[in-house]
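Peer 1: Sharing a structure here in C-alpha cells format.
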Amino acid sequence: MKKIVLSLAVPLVMYAHTLPELFSALKSHSQTKADEIVVKKSGVQEDLVYSKLYPKVNLFASYDNYSTPTGMLPVPPDTLVGLVKDPAKPTQPFAYNVYKTGANFSMPLFVKSIYTTAKKVKALQKSARAKKHINLLKHEALIVGANANFSYLDSLLKALHVKKESLKETEKTTQIKVDNGRAPASALYKINDALNQVAIAKNNIALQKKKLISTIQTYTGIVLDVPVAMYEQNSFTKGAMKSLQPLVEKVRADRLGIQAEKENLYPTLAAHGSYAFSTAKAYNNGHDANERYGNVGIVLNIPLFAMDSYANIKLSEIELHSSEIALEKLSDELSSEAKMLEDSLPLLDNSLKLYKHSVENKKKLLSIAKVSYNSGRLDTEEYLRYEDDVVLEEANLYKTKATKWQTLMQLAVIYANNIEEMVK
504 MKKIVLSLAV
514 PLVMYAHTLP
524 ELFSALKSHS
534 QTKADEIVVK
544 KSGVQEDLVY
554 SKLYPKVNLF
564 ASYDNYSTPT
574 GMLPVPPDTL
584 VGLVKDPAKP
594 TQPFAYNVYK
604 TGANFSMPLF
614 VKSIYTTAKK
624 VKALQKSARA
634 KKHINLLKHE
644 ALIVGANANF
654 SYLDSLLKAL
664 HVKKESLKET
674 EKTTQIKVDN
684 GRAPASALYK
694 INDALNQVAI
704 AKNNIALQKK
714 KLISTIQTYT
724 GIVLDVPVAM
734 YEQNSFTKGA
744 MKSLQPLVEK
754 VRADRLGIQA
764 EKENLYPTLA
774 AHGSYAFSTA
784 KAYNNGHDAN
794 ERYGNVGIVL
804 NIPLFAMDSY
814 ANIKLSEIEL
824 HSSEIALEKL
834 SDELSSEAKM
844 LEDSLPLLDN
854 SLKLYKHSVE
864 NKKKLLSIAK
874 VSYNSGRLDT
884 EEYLRYEDDV
894 VLEEANLYKT
904 KATKWQTLMQ
914 LAVIYANNIE
924 EMVK
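For the sequence shown, this note's numbering begins at 504 and goes up steadily by one.
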C-alpha cells in the first residue's frame, strides 16, 4: 500500500513548479528575447556611427573603350611634348582601350557631428536597456498577479467544495424530513438549487482559471495545474520612479540629436588620396604605354546653403518637445498612481484583518444556523443565506489578498524594485 501511495505522489512532485522557475523561464522566452534584440540593434547602430571615423580604402580595376584616342591619365604638357617630339620615345599615352588598376582612400579628420551622434546613440542604447529591464519587471509583476488571482480562484473553489459538502449533508437531513412529512418538498428543491448554483460557480471559476493559466503560459511557456506557492519576503522600496528611465534617456538622446543636426552645418575636414596604374596600346604604333598616377589631399568643406539641415533641426526640435511632453505625462500618471497604491496598502491590510474575523464569525453563525435548521427553528431560505455568507466573505478575503499582491507588484514596477527579491 505504501508503494502505491509513493508512486502516486512522485508525479505530483515532479510536475510542481516554483516562482523562480517561472521567472527563469520568462527570461529565456520570446517576450524577453524581443527586447534583447532591440538592445543588440542599438549596439550595432553605435558601431555604425563610429565606423564613419575610420578610413575607407577601395581597390579598383577598370576597362574603358574610347571612340577617339584618349589620354590614359593627365600628363604634364612639357612631358607630353617631349614624348611626341623625341623619336627615341615614340610611345604616346593615347589609346582606344585603357586598363586601370589601383586604390583610393578617404578619411574624416574633423566631423563634429559624428561624435555627438555617437553620444545620441549611446543614450538610445541606455534607453533600450532600461526599457528591457522595465518590461521584464512588468512581465514578472504580471506573472505574480496572475498567480495571485489563480490562488484566489483555487481557494474559492475549495470554499465552494466545503459549501457543497455542507449542503449535501443538509440535503440528506432534509430528505429524511420530507419523507417523514416534517418538511415541505420545496425545501429539498431549494437545497438542490443551491447545489446547482455551486456547480455553476465552480464552472465559471474553471473558465477564469483557464485564462490565467494561458496568461502565465504566454510569458513563460509553462502550463500550471495549480497555483505556485509564494510569499512576500520584502516590501517595495520607495524612491525615484525608475520606470521613467527609458523616457529620460530618450529625451537626452533627442537633445543630442538637435545638437548633431546643428553641427552638420559646421565645416568638415577630410583627407583623400588615390593611386592608379594604367596600361594600353599606343594608338600611333601599338606599343605598350604604362602610366602611374597618384594624389593625396585634404578637403575643407563649408556648407553655406543646406536647407535640408535646417529642416532636420526643426524636426528634431519637434521630436524633443514630443518626448518631453510624454515624459511629463507619464511622470504625472505614475506619481498619482503610486500615491493611490501606497495609500491603499494599509487599507488592504486592515480589510484582510476584518475579513478574516468576519469569516470566523460567519462560520460560527453557519454552525448555529445548521443546528437551528435541523431542529426546525430556521427556514430553508434563511439557512441558505448563512451558507452563502460564508463563501461570499471567504471570496472577499481571497480577492483582497490577490489585490494586495497586484498592488505591491504595481509599486515594484513604478520604482523598479527587484521583484525576485520581493517575492519567493
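For each residue, glycine too, the CB sits at the ideal point set by N, CA and C.
Treat the numbers as computed from the prediction; the structure is a model and nothing was measured.
Are there 16 or more other CB atoms within 10 angstroms of the CB of L515, so buried, or fewer, so exposed?
Peer 2: In this prediction, L515 has a pLDDT of 37, which is less than 50 and means its spatial position is unreliable; nothing more can be read from the coordinates.
Peer 1: I need the straight-line Cα distance from I719 to L656, nearest angstrom please.
Peer 2: 15 angstroms
Peer 1: Can the beta-carbon of S781 be found closer than 8 angstroms to that of K603?
Peer 2: yes
Peer 1: Quick check: the segment 658–671 against the segment 732–743, are there 3 or more CB pairs under 8 angstroms?
Peer 2: no
Peer 1: Quick one: residues in its chain with C-beta nearer than 8 angstroms to the C-beta of L803, no 5 flanking neighbours on either side, listed in chain order?
Peer 2: P770, T771 and L772
Peer 1: Starting from the N-terminal side, write out each stretch of the alpha helix (DSSP H) that is 4 residues or longer and does not extend beyond the segment 527–589.
Peer 2: Taken in chain order, the unbroken stretches of alpha helix (DSSP H) that lie wholly in the segment 527–589 and span 4 residues or more are 533–554 and 580–588.
Peer 1: What is the rounded straight-line gap between the Cα of K832 and the Cα of Q748?
Peer 2: 14 angstroms
Peer 1: With DSSP as the reference, identify every bridge partner of R758, one or two as the case may be.
Peer 2: Its beta-bridge partners do not exist; DSSP assigns none.
Peer 1: I'd like to know whether the C-beta atoms of E766 and K635 end up nearer to each other than 8 angstroms.
Peer 2: no
Peer 1: Count the other C-beta atoms from every protein chain shown that fall within 10 angstroms of the C-beta of H664, then say buried if there are 16 or more, exposed otherwise.
Peer 2: exposed
Peer 1: What are the boundary residues of the beta strand (DSSP E) that G800 is part of?
Peer 2: Where G800 is concerned, the enclosing beta strand (DSSP E) starts and stops at D791 to N804.
Peer 1: When the Cα atoms are used, what is the spatial distance from L551 to F563?
Peer 2: 24 angstroms
Peer 1: Does the contact criterion of 3 or more C-beta pairs under 8 angstroms hold for the segment 862–882 versus the segment 602–620?
Peer 2: no
Peer 1: Does DSSP put K741 in a helix, in a strand, or in coil?
Peer 2: coil
Peer 1: So what does DSSP say about G648, is it helix, strand or coil?
Peer 2: For G648, the secondary structure class from DSSP, reduced to helix, strand or coil, is helix.
Peer 1: How long is the line joining the alpha carbons of L715 and L525, rounded to whole angstroms?
Peer 2: 14 angstroms
Peer 1: Starting from S777 and walking both ways along the beta strand (DSSP E), at which residues does that stretch end?
Peer 2: Element bounds for S777: T771 to K784.
Peer 1: Does the segment 681–695 come into contact with the segment 644–659, if we say contact requires no fewer than three beta-carbon pairs (one atom in each stretch) closer than 8 angstroms?
Peer 2: no
Peer 1: Can you give, in chain order, each stretch of the beta strand (DSSP E) that sits fully within the segment 590–619 and has at least 3 residues?
Peer 2: Runs of the beta strand (DSSP E) inside the segment 590–619: 597–613.
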